[in-house]
Structure formats: C-alpha cells, structure tokens
Amino acid sequence: MPRRLIRKYLPSPASIKNNRSLNVLGSRIHDPNLWHLNRRSVSGAVFVGLFVAFMPIPFQMVLAAVLAVAFNVNLPLSTCLVWISNPLTYWPIFYFAYKLGTLVLGLPDGEFNFELSWRWLKEDFGGFWQPLLTGSLISGLFFGLAGFSLMRLYWRLMVTKRWQQRHKKKTKNPR
Numbered sequence: 234m235p236r237r238l239i240r241k242y243l244p245s246p247a248s249i250k251n252n253r254s255l256n257v258l259g260s261r262i263h264d265p266n267l268w269h270l271n272r273r274s275v276s277g278a279v280f281v282g283l284f285v286a287f288m289p290i291p292f293q294m295v296l297a298a299v300l301a302v303a304f305n306v307n308l309p310l311s312t313c314l315v316w317i318s319n320p321l322t323y324w325p326i327f328y329f330a331y332k333l334g335t336l337v338l339g340l341p342d343g344e345f346n347f348e349l350s351w352r353w354l355k356e357d358f359g360g361f362w363q364p365l366l367t368g369s370l371i372s373g374l375f376f377g378l379a380g381f382s383l384m385r386l387y388w389r390l391m392v393t394k395r396w397q398q399r400h401k402k403k404t405k406n407p408r
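For our numbering, add 233 to where a residue sits in the sequence shown, where the first one is 1.
Below, the structure is given as structure tokens:
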C-alpha cells in the first residue's frame, strides 16, 4: 500500500498540532481519525487539498484543515497539498482559472493586468472576480475529483499487487 510512501513525505503530527494558525480547530485536531492513512482518508484529503489549492484566497492551509476536520479525512495531507499553489505557481494557476471562467461565463476576454494596489482593487477587481472565482471552482472540482479518482485507483492497484505477491509467494512455498 502507498501508506509508507505517503508517511515519508508528510509532516509529523506534532508539527501540525503546534501550528498556531490551526488553533481555530481546538481539540478536534487531536482526533486520531484525522491522522490515519487509509484509502478513504487519503483520497478524501487529496480532493480537499487540490480543491482548496485552486481557490484564490489567503490562508488556504486553514481552510484545508477545517475541511479535513469536517469531512474526517487525513489532515496533514490535505494541508500539504494546498502548497501546489505557491508563489511560483499562483500566476499560471489563476490565469488559467480566469481564462476558463471567461470562457464558461461567455465574457469578453479582458486584459489580465494585475497591480498590487488599492486603486486596482477598487477599479479593476469588480469585473475580474467572477470569472476568476468561476474558473477556480471548476478547476478545483476537476483536479480534486481527478486526484481523488487517481489516488483510489493507485491504492487499489497497490493492494492488488501486494495480494498477488503474497499469493505467488504462498504457491511457491506451500506449507
């Protein structure tokens, strides 16, 4: 099973439990079910992490943690996967989401001139947020469901492979 592979790359429970931004979860963060690595919890965490990674919001890790607690999926994996959208990948991800949103909403393709200022926020963000949010939701759902399905498939293939290896070993060395 991919349990060992996943566990190797996840942060320790102590490092997540000591994260101050996750204090909003209170004692729920200590629920042992949030730390299990099984097919259901891992595939659900992949969906949550990828879905939130495509949302154009601050504090994505906190939202992923809240959703992981709400859906009782693996907390460390869901919070780690939001780092797919990081300072290097924000622009391509959100540009793609914006373009997808304009296509889906049938809006004219405007210029994508981002400027980190209050003036831009007041004047230009009004026509920009709807296609961005629509494209982000569609992208998040698509990649979240794709990740969920691929993780389920991968897990099943690994379990089947282990069963076959055990069966092969048994038939070679009967008792």
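Using N, Cα and C, we set each Cβ at its ideal position, and we do this for glycine too.
Computed from a prediction, not measured in an experiment: that's the story for all the values here.
Less than 6 angstroms between C-beta atoms, sequence neighbours within five positions excluded: which residues of the same chain meet that for residue i?
i: Val337; result: Thr367
i: Val315; result: Gly282, Val285, Ala286, Gln293, Met294, Ala297
i: Leu300; result: Val281
i: Ser318; result: Ala286, Ile326
Determine the direct distance from the alpha carbon of residue j to that of residue i, and round the result to whole angstroms.
i: Leu383; j: Ala278; result: 13 angstroms
i: Phe287; j: Lys332; result: 14 angstroms
i: Val458; j: Val306; result: Any question about residue 458 goes unanswered here, given that the chain covers just 234 to 408.
i: Lys403; j: Lys394; result: 14 angstroms
i: Asp264; j: Leu386; result: 27 angstroms
i: Ser311; j: Trp388; result: 17 angstroms
i: Trp362; j: Pro320; result: 19 angstroms
i: Ser369; j: Asn406; result: 54 angstroms
i: Leu374; j: Phe327; result: 14 angstroms
i: Arg273; j: Leu390; result: 15 angstroms
i: Ala247; j: Phe376; result: 29 angstroms
i: Ser245; j: Trp268; result: 10 angstroms
i: Asp357; j: Asn266; result: 44 angstroms
i: Ile290; j: Tyr323; result: 11 angstroms
i: Val392; j: His400; result: 12 angstroms
i: Cys313; j: Leu378; result: 17 angstroms
i: Lys355; j: Asn252; result: 34 angstroms
i: Tyr242; j: Trp351; result: 39 angstroms
Mind checking which residues open and close the alpha helix (DSSP H) that includes residue i?
i: Met288; result: Per DSSP, Met288 belongs to no alpha helix (DSSP H) and is neither H nor E.
i: Ile317; result: Careful: Ile317 lies outside any alpha helix (DSSP H) and carries neither H nor E.
My guess is that residue i and residue j are in contact by the Cβ rule of under 8 angstroms, so how many angstroms apart are they, rounded?
i: Phe280; j: Gly380; result: 6 angstroms
i: Leu365; j: Gly334; result: 6 angstroms
i: Ser372; j: Phe329; result: 7 angstroms
Which same chain residues end up closer than 8 angstroms to residue i when comparing Cβ atoms and leaving out the 5 residues on each side of it in sequence?
i: Gln398; result: none
i: Asp342; result: Lys332, Thr335
Kindly list the residues whose CB is nearer than 7 angstroms to the CB of residue i, restricted to its own chain and excluding five residues on each side of it in sequence; keep chain order.
i: Trp396; result: none
Please give me, in chain order, every unbroken run of the alpha helix (DSSP H) with length at least 4 that falls completely inside the stretch 330–386. Runs of the alpha helix (DSSP H) inside the stretch 330–386: 351–356.
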